[in-house]
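Numbering (my numbering), first residue to last: 6 to 206.
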């Protein structure tokens, strides 16, 4: 070893350094995986808490639903605070989903029906507010609703059912998947299958 040239010593030290880095990476991988899993768990728990926090606002909004059709000025003022709270809660959830804080398959599997029902109830208010006050309002929630409906369509176990709400002692259907007849329906189901596999919703 003492007879090695400086160039050979450089090669030896370079090899040892590389080996040390490889060993350090191998030892660090389990720890990094653990940290990543812990981070995802914390994000999921925070996400679930955000959904639970908005439950009271959604319940009040449902109880104050003015029904289908154009909202009046008096109805707008009567429900404004509660509707805004419900919309803002969904808007925050939509923002977190856009940031990929939680897996979208898990989210829509857990919450897609809640999103569809809530947007059905608050949509007249959101449209009235935007029309009267200007600016964009509730657009992220509307997009969240479209994605929730698409999720409902692409999942066979969901598209076989209708989503309803109770209003003034009667049942109102808020969403039902529309299946096309014949060959168009076959192509439609193929498209849904592709979206389901690729999580395109």
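From the three backbone atoms N, C-alpha and C, an ideal C-beta is built for every residue, glycine too. These numbers were taken from a predicted model, which means no experiment stands behind them.
Contacting residues, own chain, Cβ-Cβ under 7 angstroms from residue i (five flanking each side not counted)
i, result
"residue 76", "129, 130 and 133"
"residue 142", "131, 134 and 135"
"residue 151", "none"
Rounded Cβ spacing between residue i and residue j (contact assumed at less than 8 angstroms)
i, j, result
"residue 99", "residue 159", "That belief does not hold up - the Cβ atoms of residue 99 and residue 159 are roughly 19 angstroms apart, past 8 angstroms."
Close beta carbons around residue i, own chain, < 6 angstroms, minus the five adjacent residues each side
i, result
"residue 31", "none"
"residue 170", "122, 177 and 179"
"residue 60", "none"
Inter-residue Cα distance where the pair is residue i and residue j
i, j, result
"residue 207", "residue 106", "The chain is shown from 6 up to 206; residue 207 falls before or after that span and cannot be answered."
"residue 203", "residue 162", "18 angstroms"
"residue 164", "residue 23", "55 angstroms"
"residue 116", "residue 83", "28 angstroms"
"residue 53", "residue 186", "39 angstroms"
"residue 102", "residue 13", "55 angstroms"
"residue 149", "residue 91", "14 angstroms"
"residue 199", "residue 80", "43 angstroms"
Residue range of the beta strand (DSSP E) that includes residue i
i, result
"residue 250", "The first residue shown for the chain is 6 and the last is 206, placing residue 250 beyond what the model contains."
"residue 168", "167–172"
Limits of the alpha helix (DSSP H) - the one that residue i falls within
i, result
"residue 109", "109–138"
"residue 193", "187–203"
"residue 88", "78–103"
"residue 161", "161–164"
Same chain only: Cβ atoms within 8 angstroms of residue i, ignoring 5 sequence neighbours per side
i, result
"residue 39", "Interpretation of residue 39 is limited by its pLDDT of 46, a score under 50 that renders its predicted location unreliable; the figure taken from the coordinates is listed afterwards. So no residue of the chain qualifies."
"residue 87", "62, 65, 66 and 69"
Residue-level contact to chain D via CB, residue i, 7 angstroms cutoff
i, result
"residue 195", "No chain D appears in this structure, which consists of one protein chain only."
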